[in-house]
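In this note's numbering, the protein residues as written are 738 to 838.
Yeah, the Cβ is synthetic: ideal placement off N, Cα and C, and Gly gets one too.
As the structure is a computational prediction, the values presented were derived from the model and not from experiment.
One structure is given here, and the rest of the page talks about it.
In C-alpha cells form, the structure reads like this:
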C-alpha cells in the first residue's frame, strides 16, 4: 500500500466521524463556561450531523456506527434547544462529554 493510498484511506474513514470530532473539540477547547461550551458543542455537532447523516446514507451505506454517533449528536442538539438541564442529563447519562470538561 502506497503512502498516498494510506493517507486517502485514513481521511475517508475519518470523514465518517467529522461531526463527532468537531463536537468534542468545541466542547473541550472553546472558551467560556463548561456547561455553555457543551451546550454550544451539541448545537454545532447536531447542525453538522444532519447533513452528514444524509451524506453517509448516500455514500457509505454500511457506516452504522457513524450514523449512531450522528443520531446521538442530533438528539443532543434538540435537547440543547429545549433546556440546559436536558443537555446536562443527556451528556452525563449517555456521553463522554462531562468526563472531558
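If you draw a straight line from the C-alpha of residue i to the C-alpha of residue j, how long is it?
i, j, result
"residue 816", "residue 793", "23 Å"
"residue 836", "residue 803", "With a pLDDT of only 47 at residue 836, under the threshold of 50, the placement of this residue in the model should not be trusted, and no figure is reported."
"residue 766", "residue 740", "31 Å"
"residue 738", "residue 747", "12 Å"
"residue 800", "residue 756", "14 Å"
"residue 776", "residue 795", "29 Å"
"residue 749", "residue 762", "19 Å"
By the DSSP assignment, the alpha helix (DSSP H) with residue i in it spans what residues?
i, result
"residue 777", "771-796"
"residue 767", "Neither: residue 767 is in no alpha helix (DSSP H) and is coded neither H nor E."
"residue 805", "801-819"
"residue 742", "740-752"
For residue i, collect the residues of the same chain with a Cβ closer than 6 Å to its Cβ; drop the 5 residues on either side in sequence, then sort them by chain order.
i, result
"residue 827", "813 and 816"
"residue 823", "816"
Between which residues of its own chain and residue i is the CB-CB distance below 7 Å, once the five residues before and five after are set aside?
i, result
"residue 759", "781, 782 and 785"
Report back the beta-carbon spacing between residue i and residue j to the nearest angstrom; my notes put them in contact at under 8 Å.
i, j, result
"residue 806", "residue 754", "6 Å"
"residue 778", "residue 764", "4 Å"
Original post:
How about the region 780-792 and the region 806-826: do they share at least three Cβ pairs that are nearer than 8 Å?
Top reply: yes
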